[in-house]
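In the order they appear, the protein sequences are chains X and W.
Just so we're aligned: 22 in my numbering is position 22 of the first sequence, and the numbers increase by one with no gaps anywhere.
To convert a position in the second sequence, counted from 1, into my numbering, add 114.
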Amino acid sequence: AVAPAAPAPDRVCRPHQLYVSFRDVGWHDWIIAPRGFMANYCRGSCPFPLATQLNSVNHAILQSLMHSVAPAQTPLPCCIPIRLSPISVLFYDNGDNVVLRHYEDMVVDECGCR
Amino acid sequence: LTPGLGRAQPGPLSPQAVALLRALGLSEPPAPRQPRPVPPLLWRLFRKSQEKLAAAKETQEPEGAEGPEQAQPCHVEELGVPGNIVRLVPDRGGSVQLEEPALPPLCAEKPLFFNLSALAPEEQPTLVRLELHLGPAGAQGPPGPGWELSLSLAPGPQLWGRQAHWHHRQLLLTQPLPPGRDTIHLDLLDLGPVGASPLPRNLSLVLEILHGSGGDGNGTEAACASLGRSLEASLLVVTLHPQQCRPVARRRR
């Protein structure tokens, strides 16, 4: 009858930012711009009842509820990207062409329980 | 990240580097021979794409909510065509000085070679534009009326130079040289093999600049000399990679 204690806030599902500089990976001689990229990722848990606030949809709320009742039978919902952004990269290719390329779904902006 | 991700140290690429390059549509890190100045157009397109991305983030609405139409993810607004890859391909033909008339009324005959092997077969060309830059204007200023451009498909490399006769060429277009302009754009999409997808791996063209001065050889020579310019060419190619561009999801009504 008593809801389990909620984990510490920094352990619940949320985006984590990670910036990678192209100079660090040795690609700064052929990538003109930008200087690096965001390799954000989602991490954290989706426990009951917090799942109701973590950008969760109904099935995830039900799943977290069932996990709280029978953890062995039902796993917790997953913390995954739910909003992504594209990036554009300007670089030289092997043919000495200058290339501007657009990449979809490259940066994680938001995470949610699913 | 460990330095082994890129090519900071000699040796094979790390699996992570291979995966990231593949995500960028590349098989290995390019090794440009010498960094070239970045064309202003591509800088402008890059900055505009950054502004668009920042604006899209600021106006982010919750998922599924009604709101203004999303910006086209794979559309080059400034050029007005769909596409997610913009390349500026340098000309590898020899340079030519325009004050040395080839054969009146022909002022100049310039071979144009473009290496298009970097394009993947599944990339669909949506813009192929030949950009001609006439060198710094002489005292006479930009060219006046009476000039004409002729662009042909060159014979294959095996014929060029030894047996290349004009009838081996396939005329693609002729048009007056727009008076008063130093930069000329010729749209080649749908001309000859350039309209076909995939594009040829090598595109060989011949550009001729003629001056119609009424058959007067001396007039032509003087006109050619008056042009006194160098001519540089590059090819702007915009392509759409269908697997990397999903159509814009229609909003629920």
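C-beta atoms are modelled at their ideal positions from N, C-alpha and C, and glycine is treated no differently.
Computed from a predicted model, the values in this text were never measured in an experiment.
Notebook entry, point to check: Since residue 230 of chain W contacts residue 317 of chain W with CB under 8 Å, what's their CB separation in whole angstroms?
Noted result: As a first step, residue 230 of chain W is located in the second sequence; it is residue number 116 there, counting from the start. As a first step, residue 317 of chain W is located in the second sequence; it is residue number 203 there, counting from the start. The C-beta separation of residue 230 of chain W from residue 317 of chain W comes to about 6 Å, placing the pair in contact by the 8 Å criterion.
Notebook entry, point to check: What does residue 85 of chain X touch in chain W if you count any residue whose Cβ is under 8 Å from its own?
Noted result: For the purposes of this step, residue 85 of chain X is taken as residue 85 along the first sequence, with counting starting at 1. Listed along chain W are 167, 170 and 171, each with a C-beta nearer than 8 Å to that of residue 85 of chain X.
Next item on the list: For the segment 342-358 of chain W, enumerate the residues whose C-beta is nearer than 7 Å to any C-beta of chain X, in chain order.
Entry: Cβ contacts with chain X come from 358.
Check: Could you give the distance in angstroms between the alpha-carbon of residue 150 of chain W and the alpha-carbon of residue 96 of chain X?
Finding: Position 36 of the second sequence, counting from 1, holds the residue named residue 150 of chain W. Position 96 of the first sequence, counting from 1, holds the residue named residue 96 of chain X. Taking the straight line from one Cα to the other gives about 8 Å.
Next item on the list: Using a Cβ cut-off of 7 Å (strictly closer), state whether residue 32 of chain X contacts chain W.
Entry: Walking along the first sequence from the start, residue 32 of chain X turns up at place 32. For residue 32 of chain X, the answer is yes, since a Cβ of chain W falls inside 7 Å of its Cβ.
Next item on the list: Could you confirm whether any beta carbon from chain X is found closer than 7 Å to the beta carbon of residue 232 of chain W?
Entry: Numbered from 1 along the second sequence, position 118 holds the residue referred to as residue 232 of chain W. Closer than 7 Å to some Cβ of chain X, the Cβ of residue 232 of chain W qualifies, so yes.
Next item on the list: Could you tell me which chain X residues have their CB closer than 7 Å to the CB of residue 139 of chain W, listed as they occur along the chain?
Entry: Stepping through the second sequence from its first residue, residue 139 of chain W is reached at position 25. Within 7 Å Cβ-Cβ: 101.
Item checked: Given 8 Å, three or more beta-carbon pairs between the segment 34-42 of chain X and the segment 56-71 of chain X -> no
Next item on the list: Determine the DSSP secondary structure at residue 71 of chain X, reduced to helix, strand or coil.
Entry: Here residue 71 of chain X refers to the residue found at position 71 of the first sequence. In the structure shown, the three-state DSSP call for residue 71 of chain X is coil.
Next item on the list: For residue 98 of chain X, decide whether its Cβ has a neighbour in chain W, counting only Cβ atoms nearer than 7 Å.
Entry: Position 98 of the first sequence, counted from the first residue, corresponds to residue 98 of chain X. Yes, residue 98 of chain X lies at the interface with chain W (some Cβ there is under 7 Å from its Cβ).
Margin query: Per DSSP, what are the beta-bridge partners of residue 301 of chain W in this structure?
Written below: Working through the second sequence from its first residue, we reach residue 301 of chain W at position 187. DSSP, once it has assigned bridges, lists W:243 as partnering residue 301 of chain W.
Next item on the list: Taking residue 129 of chain W as part of the alpha helix (DSSP H), name the residues at either end of that continuous run.
Entry: Numbered from its first residue, the second sequence carries residue 129 of chain W at position 15. Element bounds for residue 129 of chain W: 129-137.
Notebook entry, point to check: Rounded C-beta distance between residue 347 of chain W and residue 226 of chain W? I'm assuming under 8 Å.
Noted result: For this step, residue 347 of chain W is matched to residue 233 along the second sequence. For this step, residue 226 of chain W is matched to residue 112 along the second sequence. So it is a contact: roughly 5 Å between Cβ atoms.
Next item on the list: Sort W:260, W:239 and W:204 by Cα distance to residue 219 of chain W and report the nearest one.
Entry: Counted from its first residue, the second sequence places residue 219 of chain W at position 105. Selected option, being the one with the closest Cα: W:260.
Check: What separation, rounded to the nearest whole angstrom, lies between the Cα atoms of residue 143 of chain W and residue 266 of chain W?
Finding: For the purposes of this step, residue 143 of chain W is taken as the residue at position 29 of the second sequence. For the purposes of this step, residue 266 of chain W is taken as the residue at position 152 of the second sequence. One C-alpha to the other measures close to 35 Å.
Next item on the list: Can you grab the Cα-Cα spacing for the pair residue 352 of chain W / residue 239 of chain W, in whole Å?
Entry: As a first step, residue 352 of chain W must be located in the second sequence, where it is residue number 238. As a first step, residue 239 of chain W must be located in the second sequence, where it is residue number 125. Straight-line Cα distance between these residues: approximately 6 Å.
Notebook entry, point to check: What residue does the beta strand (DSSP E) around residue 37 of chain X start on, and which one ends it?
Noted result: Position 37 of the first sequence, counted from the first residue, corresponds to residue 37 of chain X. Residue 37 of chain X -> beta strand (DSSP E) spans 36-38.
Item checked: Top-ranked residue by Cα proximity to residue 104 of chain X, from W:198, W:206, W:131 and W:207 -> In the first sequence, counting from the first residue as 1, residue 104 of chain X sits at position 104. When each option's Cα is compared against that of residue 104 of chain X, the closest is W:198.
Checklist line | Residues that residue 36 of chain X contacts on chain W, provided the C-beta gap is smaller than 9 Å | finding: Your numbering for residue 36 of chain X matches position 36 in the first sequence. The premise fails here: residue 36 of chain X is roughly 11 Å from chain W at the closest Cβ pair, so nothing lies under 9 Å.
Note to self: Quick check on residue 163 of chain W - is its C-beta less than 7 Å from some C-beta in chain X?
What the structure shows: Position 49 of the second sequence, counting from 1, holds the residue named residue 163 of chain W. With 7 Å as the cut-off, residue 163 of chain W counts as an interface residue toward chain X.
Notebook entry, point to check: Where DSSP assigns a beta bridge to residue 98 of chain X, which residues make up the other side?
Noted result: Start at 1 with the first residue of the first sequence, and residue 98 of chain X comes out as number 98. Answer is X:92 and W:202, bridged to residue 98 of chain X.
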